[in-house]
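In the numbering used here, the protein residues as written are 117 to 204.
Where is the CB? At the ideal position from N, CA and C, for every residue including glycine.
Computed from a prediction, not measured in an experiment: that's the story for all the values here.
Notes for the one structure printed next.
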(Lines of atoms letter the chains of each structure in order from A and count residues from 1; the text may use other names and numbers.)
(Lines give C-alpha, C1' and ligand atoms only; values in the text may rest on other atoms or scores of the structure.)
Protein backbone atom coordinates (compact mmCIF):
# COMPACT_ATOMS: atom_id res chain seq x y z
CA UNK A 1 0.00 0.00 0.00
CA UNK A 2 2.99 2.33 0.55
CA UNK A 3 3.78 2.19 -3.16
CA UNK A 4 0.20 3.13 -3.97
CA UNK A 5 0.32 6.20 -1.73
CA UNK A 6 3.68 7.23 -3.19
CA UNK A 7 2.30 6.86 -6.70
CA UNK A 8 -0.84 8.83 -5.83
CA UNK A 9 1.22 11.69 -4.38
CA UNK A 10 2.28 12.89 -7.85
CA UNK A 11 -0.16 15.09 -9.82
CA UNK A 12 0.97 13.71 -13.19
CA UNK A 13 0.23 10.16 -12.09
CA UNK A 14 -3.15 11.23 -10.70
CA UNK A 15 -3.99 12.78 -14.08
CA UNK A 16 -2.95 9.54 -15.81
CA UNK A 17 -5.32 7.64 -13.51
CA UNK A 18 -8.10 10.12 -14.31
CA UNK A 19 -7.55 9.47 -18.02
CA UNK A 20 -7.64 5.71 -17.50
CA UNK A 21 -10.80 6.04 -15.44
CA UNK A 22 -12.57 7.01 -18.67
CA UNK A 23 -11.04 4.35 -20.94
CA UNK A 24 -8.05 2.11 -21.51
CA UNK A 25 -5.25 3.89 -23.39
CA UNK A 26 -1.89 3.24 -25.00
CA UNK A 27 1.22 5.00 -23.69
CA UNK A 28 1.18 7.24 -26.75
CA UNK A 29 -2.44 8.24 -26.16
CA UNK A 30 -1.59 9.04 -22.55
CA UNK A 31 1.48 11.04 -23.59
CA UNK A 32 -0.68 13.16 -25.93
CA UNK A 33 -2.30 14.71 -22.84
CA UNK A 34 1.00 15.97 -21.39
CA UNK A 35 3.72 18.42 -22.30
CA UNK A 36 6.59 16.11 -21.36
CA UNK A 37 8.78 13.51 -23.02
CA UNK A 38 7.55 9.98 -23.69
CA UNK A 39 10.33 8.53 -21.48
CA UNK A 40 8.99 10.65 -18.60
CA UNK A 41 5.47 9.32 -19.19
CA UNK A 42 6.90 5.81 -19.33
CA UNK A 43 8.59 6.35 -15.95
CA UNK A 44 5.26 7.49 -14.45
CA UNK A 45 3.49 4.47 -15.94
CA UNK A 46 6.13 2.15 -14.49
CA UNK A 47 5.63 3.64 -11.02
CA UNK A 48 1.87 3.13 -11.38
CA UNK A 49 2.47 -0.47 -12.49
CA UNK A 50 4.83 -1.14 -9.56
CA UNK A 51 2.14 0.17 -7.23
CA UNK A 52 -0.31 -2.14 -9.04
CA UNK A 53 -2.64 0.79 -9.74
CA UNK A 54 -2.61 0.02 -13.47
CA UNK A 55 -2.40 -3.11 -15.61
CA UNK A 56 -0.73 -3.31 -18.97
CA UNK A 57 -1.53 -5.72 -21.77
CA UNK A 58 0.29 -6.11 -25.08
CA UNK A 59 -1.98 -6.05 -28.13
CA UNK A 60 -0.12 -6.31 -31.43
CA UNK A 61 2.44 -3.47 -31.42
CA UNK A 62 0.83 -1.56 -28.55
CA UNK A 63 0.69 -1.80 -24.79
CA UNK A 64 -2.75 -0.93 -23.45
CA UNK A 65 -2.99 0.47 -19.92
CA UNK A 66 -6.05 0.11 -17.70
CA UNK A 67 -6.95 0.76 -14.07
CA UNK A 68 -6.59 -1.96 -11.47
CA UNK A 69 -9.58 -1.09 -9.32
CA UNK A 70 -8.75 -3.79 -6.77
CA UNK A 71 -5.91 -1.72 -5.30
CA UNK A 72 -8.16 1.35 -5.14
CA UNK A 73 -10.68 -0.72 -3.21
CA UNK A 74 -7.95 -1.83 -0.79
CA UNK A 75 -6.81 1.77 -0.22
CA UNK A 76 -10.38 2.96 0.26
CA UNK A 77 -11.08 0.13 2.71
CA UNK A 78 -7.98 1.07 4.71
CA UNK A 79 -9.12 4.71 4.86
CA UNK A 80 -12.63 3.70 5.91
CA UNK A 81 -11.24 1.40 8.61
CA UNK A 82 -9.06 4.23 9.87
CA UNK A 83 -12.12 6.45 10.20
CA UNK A 84 -14.08 3.67 11.96
CA UNK A 85 -11.29 3.20 14.50
CA UNK A 86 -11.23 6.92 15.23
CA UNK A 87 -14.98 6.96 15.93
CA UNK A 88 -14.74 4.19 18.55
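| query | What does DSSP give as the partner residues of residue 173 in its beta bridges? | reply | 180
| request: Have a look at the DSSP bridge pairing and note the partners of residue 142. | output: Answer by DSSP bridge pairing, in chain order: 180.
| task | Determine the extent of the alpha helix (DSSP H) in which residue 156 is found, giving its start and end residues. | result | 154-166
| task | Quick one: grab the DSSP three-state call for residue 190. | result | helix
| CB-CB length for residue 181 against residue 157, believed under 8 Å | No, residue 181 and residue 157 are not in contact; Cβ-Cβ is about 10 Å, not under 8 Å.
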